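Trainee: Structure provided below as structure tokens; questions to follow.
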Amino acid sequence: MSSTTYIATLLSLILLFSCTERSPSTPSPTQPNVETESYGPFTVVTPDGRCTTERQVFFADTSDEARRQMCEALIDHEKNFHCAEDRRRQEFFSRCEGVVGLAWTPDRTSQDSLATANTGPVGRLKNLYISEFRVHYRQLSPSVQRHLDAMLSEFQECGHAYNGSYCKNSQVEIRVVTPEQIQKVDGQDSLLIRVSQVGTDSNYIFQYILGPNSTLFQPQSLKVFLLDEQRPNTSTENLIADEGEVHLVYEANYFQQNDIAGVNSTLATTNSLRQFYHYAEYAFSLLFQRGDRSEASFQWARDLYQQRKDLIQNSRNETYLLAIYHKIVNESQASHDQLIQILKPLADHPQAALRYLVRVRLYLLNPLAFADFKPDVLKIMNSGSYSTRLLALEALLKGPITPSDELAIIKSVGDQSFSVRSLAIIQVRQFPRRPEHLPAYKSVLSQDDTPTDGRRSLIELLVQWETEESRQLLFESLADSDSTNRRRVRAAFSATRLVGDYYVEALKRLYRNRTDQIRIIATEVASQIDPQDKVLEVVAKQLFEEIDDNNKLVEEAILKFLNDPARVHAVCELAERRQFRRLQCSRTTRRP
């Protein structure tokens, strides 16, 4: 593989599914055994908002790492937008079972997540956005009214489909309990369905009214009838036959597909951030449905965020503040200068999660102008979101790197995300070797959850160091859980003489590890102790105590070590007292 192709491969990994996110153009880490995973083809979103079909390919040191990287991409709703959730979900459950720390979480805002196998009219009822509404509550019980308020509030502010709203973190789920019926009600063509509100005792009849200019799947209005609590199984026919069993509680009109002006009016006046988010998304989709993908459309979106910056600034709704942030960064096609103009007023936002993201983004865009935000960059490198950690690392690498920054980057070599880890590894390989780095190396190497390739990268760097401190740290990696890593460490000590008390305690620690191969390697490496070093006798006696008749491989390795003429004299007297006859002792080998 040429270097150009390899760099392109790494960039395609780091920029996976990102519309306008860009990672530093850095060379690929050297990978001795490149494994790949791929999935697709299915629909993903391109930077200009179009849907395209392509197969995604992932590269890593091991197939397990490539698989984890693929699974991380499958569950990332933000970067995949809403185009392909059903297909991604199928891929995830078929290919990602058993990947530690990853689980599928449905994206409630996705159009696909609200679709079902229902191929009838009900299954097509989605993208319904309310232009105006009227409430007709009658002496409802507090419990019923609370549940009804929650449902209607979500419908009004987020838009909805037949089985629930598009609200993020929705608290309302609707279940259709009878097949739909299309009939005339009061002379109006209507689609009638009976539904229940999951988790409550409330049951309703939804009457979707089809106007002269509307279609079956884009109704003109909605009426919600609450069924009598004592007779929840009323059929839709009784909407006409027995009005005593149902109560009209709500009416709403829907925006039609050509009413962008009406949606804009709502956007200009709403005081709800979540309504602003969802109706802005709806308006933008209407523009795209008209085929308007011009710069003017994207400028409209950028202007909208500027015009309603007061609403964004005054909100404390973390979920929607972060959603709007991602819309601005990923979908507005803003230039660097435009992004700075939009985001800068939010740099002191009272909502901490948004404030940190904005400051890190601004630092990434211009490290010199926003140098005061560097502490925020370092702080969110510990974020629970891998995409946030990747953003922070990219930002840190954009500015001047101090020795303390180097320690933070070394720590990222142990990150669970391949994207973060690989970028950190590239940078760490370029660092000058400093003694201050060794504690950070030790921290990463000693963590049980550090991925194999992260440990391997640091081991390779330690092999190149030639200080006693680095050798001692490398020696500890003889206990690495990966056999390839252990063999690499063993090879590094094959021509090295070990001197000093450190190795006595280090070997004790290795022998407390009950993994046979680790104890065997420890025995082999003990042979590297300088024959003139006084600790040799201590080590020899220590290994004599480790002879285990129940483990032939370990026993043979120890006997091979002890029967060396340079070492056997150290334990002959001890062996004679215990009547151990398997050492090649003679009077000439005993210490005088």
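Numbering (this note's numbering), first residue to last: -2 to 589.
From the three backbone atoms N, C-alpha and C, an ideal C-beta is built for every residue, glycine too.
These numbers were taken from a predicted model, which means no experiment stands behind them.
1. Would you call N124 buried or exposed, if buried means 16 or more other Cβ atoms sit within 10 Å of its Cβ?
2. I need the DSSP call for E69, collapsed to helix, strand or coil.
3. Which class does F295 belong to by DSSP, given the choice of helix, strand or coil?
4. Taking V551 and R511 to be in contact with their CB atoms under 8 Å, please state how far apart those CB atoms are, rounded to whole angstroms.
5. I'd like to know whether the C-beta atoms of V522 and V501 end up nearer to each other than 8 Å.
6. Just to check my reading of the structure: V486 and L475 have Cβ atoms closer than 8 Å, yes? What is that Cβ distance to the nearest angstrom?
7. Can you give me the start and stop residues for the beta strand (DSSP E) that V243 sits inside?
8. Specify whether the region 265 to 280 and the region 242 to 251 touch according to this definition: at least 3 beta carbon pairs, one from each stretch, less than 8 Å apart.
9. Below 8 Å on the Cβ atoms is my guess for V410 versus V441; work out the distance and round it to an integer in Å.
10. State the CB to CB distance for the pair E154 and V195, rounded to an integer number of angstroms; the pair is presumed to be in contact (CB under 8 Å).
11. Where does E521 fall in DSSP's three states?
12. Which word fits L365, buried or exposed, when buried means at least 16 other C-beta atoms lie within 10 angstroms of its C-beta?
13. Taking the straight line between their C-alpha atoms, what separation do you get for K341 and Q424?
14. Tell me, please, which residues DSSP counts as bridged to R191.
15. State buried or exposed for H346, treating a residue as buried only when at least 16 other CB atoms are found within 10 Å of its CB.
16. At which residues does the alpha helix (DSSP H) containing V417 begin and terminate?
17. Measure the Cβ-Cβ separation of L219 and F203 and say whether it is below 8 Å.
18. Which of the three DSSP states is assigned to D402 in this structure?
19. For a quick check, are the C-beta atoms of V568 and L580 less than 8 Å apart?
20. Just how far apart, CA to CA, sit R47 and S467?
21. Return the chain-ordered list of same chain residues with a C-beta closer than 6 Å to the C-beta of R172, the five sequence neighbours on each side being excluded.
22. Quick one: grab the DSSP three-state call for K408.
23. Do L571 and L540 have their CB atoms nearer than 8 Å?
24. In whole angstroms, what is the alpha-carbon distance linking K549 and E543?
25. So, at 6 Å on beta carbons, what are the nonlocal neighbours of S414 in its own chain, with the 5 sequence-adjacent residues on each side left out?
26. Would H157 be called buried (16 or more neighbouring beta carbons within 10 Å of its own) or exposed?
27. Please work out which residues of its chain come closer than 8 Å, Cβ to Cβ, to E69, disregarding the five sequence neighbours upstream and downstream, and give them in chain order.
Mentor: Let's see:
1. Burial check for N124: the Cβ neighbour count within 10 Å reaches 16 or more, so the residue is buried.
2. DSSP places E69 in the helix class (H, G or I) of the three-state scheme.
3. F295 falls in the helix class under three-state DSSP.
4. Contact doesn't hold; Cβ gap of about 10 Å is too wide.
5. In this structure, V522 sits away from V501, with a CB-CB distance that is not shorter than 8 Å.
6. Indeed they touch by this definition, with Cβ atoms about 5 Å apart.
7. Here the beta strand (DSSP E) through V243 covers V243 to Y251.
8. The region 265 to 280 vs the region 242 to 251: no contact.
9. That pair is a contact at about 5 Å.
10. About 19 Å; that fails the 8 Å criterion.
11. Here E521 carries a helix assignment [DSSP, helix/strand/coil].
12. Around the beta carbon of L365, a 10 Å sphere encloses fewer than 16 other beta carbons of the protein chains shown; the residue is thus reported as exposed.
13. Just so you know, the alpha carbons of K341 and Q424 end up roughly 29 Å apart.
14. Answer by DSSP bridge pairing, in chain order: I202.
15. By the neighbour-count rule (16 or more Cβ atoms within 10 Å), H346 is buried.
16. Taken as a continuous stretch (DSSP letters only), the alpha helix (DSSP H) holding V417 covers F415 to V425.
17. The beta carbons of L219 and F203 sit closer together than 8 Å.
18. Assigned with DSSP and collapsed to three states, D402 falls in helix.
19. Going by C-beta atoms, V568 is nearer than 8 Å to L580.
20. Confidence at R47 is low in this model, with a pLDDT of 40, below 50, so the placement of that residue should be treated as unreliable; the coordinate-derived value is given next. Answer to the nearest angstrom: the Cα atoms are 52 Å apart.
21. Counting only Cβ-Cβ distances below 6 Å, and skipping sequence neighbours, we find S193 and V195.
22. Helix, per DSSP.
23. Contact: no.
24. The straight-line gap from Cα to Cα measures roughly 12 Å.
25. Hits under 6 Å: Y383.
26. H157 is buried by the Cβ-count criterion.
27. For E69, where only same-chain residues beyond five positions count, the Cβ hits under 8 Å are L99, Y383, S414, F415 and S416.
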